[in-house]
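In the UniProt record's numbering, the protein residues as written are 1 to 230.
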Amino acid sequence: MLQKTRGIALSYIRYRETSIISRVYTEEFGLQSYIVNGVRSAKSKNNRIALFQPLTLLDMVVYYKNDRDLHRLSEVKTSYPFQSLPFEVTKSTIALFVTEMLNKVLKEEAGSPVLFKFLIDSVLFLEQAQTNYENFHLAFLLKLSFYLGFGPESAREFENQLREHSVAFLPDDAMEKALNILLRMPIGTPIDLSRAARNELLDALVAYYHVHIDSLGEVKSLPVLREVLG
Numbered sequence: 001m002l003q004k005t006r007g008i009a010l011s012y013i014r015y016r017e018t019s020i021i022s023r024v025y026t027e028e029f030g031l032q033s034y035i036v037n038g039v040r041s042a043k044s045k046n047n048r049i050a051l052f053q054p055l056t057l058l059d060m061v062v063y064y065k066n067d068r069d070l071h072r073l074s075e076v077k078t079s080y081p082f083q084s085l086p087f088e089v090t091k092s093t094i095a096l097f098v099t100e101m102l103n104k105v106l107k108e109e110a111g112s113p114v115l116f117k118f119l120i121d122s123v124l125f126l127e128q129a130q131t132n133y134e135n136f137h138l139a140f141l142l143k144l145s146f147y148l149g150f151g152p153e154s155a156r157e158f159e160n161q162l163r164e165h166s167v168a169f170l171p172d173d174a175m176e177k178a179l180n181i182l183l184r185m186p187i188g189t190p191i192d193l194s195r196a197a198r199n200e201l202l203d204a205l206v207a208y209y210h211v212h213i214d215s216l217g218e219v220k221s222l223p224v225l226r227e228v229l230g
């Protein structure tokens, strides 16, 4: 049955000689995998494989059957062509990290319009922002944790949960204040964090996700993010 849905591209793998299997988080159906034929062929028109780069926002018409693991696309186009996110080193590095985390934590289940809206709004902020996006990844992970069911109510609760699992995290007053701002204020709220403090908080956040998601595993993009953003 043909269905319309919006989606956010997360990743893809090569499939056979000219095709890919793309993972897309959709508004209607949650996490889905789609076979996309011919996009790696020299004859492929309009560089269609670019549609499946990390965090690309999509409008799709799909063949959907709820008893299948792999689905097919009838139509696909981007709903918002990016002008900065794939081309600016800082933004593209953040996108790589965010996409890896989403691939690890989003599950194949029914769509969640509320979560989808948060993801869309967050991606659009990162694409459009000209300043105050250096802490985007920190605010994003904190706010995402609420949609996943384990968001902390305060910096103190965050610290206590890590301590209960033998994770050393002892923020000073400035970092605790920054953490509360990240928790309670919109993404993009200016926060004064040193490079060292940003790295420490990033490591604590990844540890926090490890505490709550046993299958998280190694976050391969983390060293690059530390180096670029810090």
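Heads up, the beta-carbon is just placed ideally off N, CA and C, and yes, glycines get one too.
Coil, strand or helix - residue i by DSSP
{"i": "Arg156", "result": "helix"}
{"i": "Thr189", "result": "coil"}
{"i": "Ala204", "result": "helix"}
{"i": "Lys104", "result": "helix"}
{"i": "Met1", "result": "coil"}
{"i": "Asp214", "result": "coil"}
{"i": "Val114", "result": "helix"}
{"i": "Asp121", "result": "helix"}
{"i": "Gln83", "result": "coil"}
{"i": "Glu227", "result": "helix"}
{"i": "Lys77", "result": "strand"}
{"i": "Asp59", "result": "strand"}
{"i": "Gln32", "result": "strand"}
{"i": "Tyr15", "result": "strand"}
{"i": "Leu170", "result": "coil"}
{"i": "Tyr25", "result": "strand"}
{"i": "Ala9", "result": "strand"}
{"i": "Val40", "result": "Looking at the sequence shown, residue 40 is not Val but Arg. DSSP places Arg40 in coil when its eight states are reduced to three."}
{"i": "His137", "result": "helix"}
{"i": "Arg48", "result": "helix"}
{"i": "Leu183", "result": "helix"}
{"i": "Arg195", "result": "helix"}
{"i": "Arg163", "result": "helix"}
{"i": "Leu144", "result": "helix"}
Test item: CB-CB of residue i and residue j under 9 Å
{"i": "Tyr12", "j": "Arg23", "result": "yes"}
{"i": "Ser112", "j": "Tyr64", "result": "no"}
{"i": "Val219", "j": "Phe140", "result": "no"}
{"i": "Leu183", "j": "Gly151", "result": "yes"}
{"i": "Leu126", "j": "Phe136", "result": "yes"}
{"i": "Lys4", "j": "Val62", "result": "yes"}
{"i": "Thr78", "j": "Leu51", "result": "yes"}
{"i": "Leu2", "j": "Thr90", "result": "no"}
{"i": "Val33", "j": "Leu58", "result": "The sequence given here has Ser at residue 33, not Val. The answer is no: Cβ separation not under 9 Å."}
Option nearest residue i by Cα separation, candidates the options
{"i": "Ser145", "options": "Leu10, Gly188 and Phe118", "result": "Phe118"}
{"i": "Arg68", "options": "Thr56, Glu109, Ser79 and Thr78", "result": "Glu109"}
{"i": "Leu202", "options": "Thr18, Met175, Gln130 and Pro190", "result": "Met175"}
{"i": "Thr56", "options": "Ser19, Ile8 and His71", "result": "Ile8"}
{"i": "Arg156", "options": "Ile35, Leu138 and Lys177", "result": "Lys177"}
{"i": "Met185", "options": "Leu225, Ala204 and Leu138", "result": "Leu138"}
{"i": "Phe169", "options": "Arg195, Ile213 and Ala204", "result": "Ala204"}
{"i": "Ser215", "options": "Arg72, Met101 and Asn160", "result": "Met101"}
{"i": "Asn199", "options": "Pro171, Glu164, Arg226 and Ser74", "result": "Arg226"}
{"i": "Asp121", "options": "Ile49, Asp173, Tyr80 and Ser166", "result": "Tyr80"}
{"i": "Leu222", "options": "Ser194, Ala95, Glu153 and Ser166", "result": "Ala95"}
{"i": "Ile213", "options": "Ser74, Arg6 and Gly149", "result": "Gly149"}
is_contact[residue i, chain B] using C-beta, thresh 9 Å
{"i": "Val206", "result": "Any reference to chain B falls outside this structure, which holds one protein chain only."}
Rounded distance between the beta-carbons of residue j and residue i, thought under 8 Å
{"i": "Pro54", "j": "Leu115", "result": "At roughly 18 Å, the Cβ-Cβ gap does not stay under 8 Å, so Pro54 and Leu115 are not in contact."}
{"i": "Ile21", "j": "Val39", "result": "About 11 Å; that fails the 8 Å criterion."}
{"i": "Pro171", "j": "Leu179", "result": "7 Å"}
{"i": "Val76", "j": "Met60", "result": "5 Å"}
{"i": "Val224", "j": "Thr99", "result": "Contact flag wrong, Cβ pair sits at about 13 Å."}
**Message:** For the structure I just gave you, are there three or more beta carbon pairs, one from the segment 77 to 96 and one from the segment 27 to 35, closer than 8 Å?
**Reply:** Flag = no, the segment 77 to 96 and the segment 27 to 35 do not touch.
Notebook entry, point to check: Quick check: the segment 98 to 105 against the segment 200 to 217, are there 3 or more CB pairs under 8 Å?
Noted result: Short answer: they touch.
Evaluate the contact criterion for the segment 122 to 132 versus the segment 177 to 196: three or more CB pairs, one atom per stretch, below 8 Å. Per the Cβ contact rule, the segment 122 to 132 is in contact with the segment 177 to 196 (3 or more Cβ pairs under 8 Å).
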